[in-house]
Amino acid sequence: MDIDSIKQKIRELIEKSREKFDGLVKTERDKKVLMLGGSAIVVIVIYLIFHSYSSGADNMQKRYAQLERDLVEVKALKAEYEDSKKQLVELSSKIKKENEALISVVEKILLNENLDRKNFSIRDVNSRTNSEEDFYEEKSVDVELNRISLNSLVEILYKLQKRPSLKVSNLNISTKFDKSDSMKVKLRVSTFEFKQVS
23 MDIDSIKQKI
33 RELIEKSREK
43 FDGLVKTERD
53 KKVLMLGGSA
63 IVVIVIYLIF
73 HSYSSGADNM
83 QKRYAQLERD
93 LVEVKALKAE
103 YEDSKKQLVE
113 LSSKIKKENE
123 ALISVVEKIL
133 LNENLDRKNF
143 SIRDVNSRTN
153 SEEDFYEEKS
163 VDVELNRISL
173 NSLVEILYKL
183 QKRPSLKVSN
193 LNISTKFDKS
203 DSMKVKLRVS
213 TFEFKQVS
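Going by this note's numbering, the sequence shown opens with residue 23, and the numbers climb by one from there.
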């Protein structure tokens, strides 16, 4: 098909449409009604196009606002994570890993208080990690002290607690009514080692 034949067909189609339009419009009134109907259709089409565009723009604006809120929240979480990581590094640098076994450290403290070896016992408690999510590993020993004075106990507890890597727990003191200066004490001493921060 060449271009001239296509042009000819288009002209014929336009001519037929005009004839049908003129056949429908018999009076001036019909012409006005048809023009108003056509105008209404054009207005409706324009409204639908504008409405779909504006609702799409509203959705994009809402999505943008939500993404901005999410970004602010992620930045806050990142700052909190970095702060926690920094604190963890500071804590782990303060808590020096003992070169000696925990039993030896506790024993030295007790012997420095001039306690007789017969009057105390230290039992190792299996080292444990609380769970995979925890960032530390705990090692503990149970200590039993016999025939110890209140002053010696206070000194021992002070020396244990003042070391940043040790924690005393499960303290149980029993004494006899007539011998208040000769107590039996049970306690647990724990140390915590931070896991490597990745």
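By construction, the Cβ of each residue, glycine as well, lies at the ideal position given by its N, Cα and C atoms. Everything numeric in this text was worked out from a predicted model, so none of it was measured.
> With C-beta atoms as the reference, is asparagine 194 less than 8 Å away from isoleucine 170?
Replying inline: No.
> Where does serine 171 sit, in a helix, a strand or coil, going by DSSP?
Replying inline: DSSP places serine 171 in coil when its eight states are reduced to three.
> Is DSSP giving arginine 210 helix, strand or coil here?
Replying inline: Three-state DSSP puts arginine 210 in a strand.
> Short check: CB of isoleucine 178 to CB of leucine 124, under 8 Å?
Replying inline: Judged by beta-carbon spacing, leucine 124 lies beyond the 8 Å limit of isoleucine 178, meaning their Cβ atoms are not closer than that value.
>> Pull the bridge partners of isoleucine 28 from the DSSP assignment, please.
In response: Paired residue(s): none; isoleucine 28 is not in a bridge.
>> Would valine 163 and arginine 145 be called neighbours here (beta carbons separated by less than 8 Å)?
In response: Contact flag set, yes.
> Taking just the CA atoms, how far does glutamate 112 sit from methionine 205?
Replying inline: Computed Cα separation, rounded: 39 Å.
>> With the cut-off set at 8 Å, would you say serine 212 and lysine 161 are in Cβ contact?
In response: Cβ atoms of serine 212 and lysine 161: closer than 8 Å.
> Just to confirm, does valine 211 get its C-beta within under 7 Å of one of the non-hydrogen atoms of the ligand ADP?
Replying inline: As for the ligand ADP, it is missing from this structure, which has no ligand bound.
>> Distance check for alanine 98 and valine 210, CA to CA, integer angstroms please.
In response: Before going further, note that residue 210 is arginine rather than valine in the sequence given. Going from the Cα of arginine 210 to the Cα of alanine 98 covers about 40 Å.
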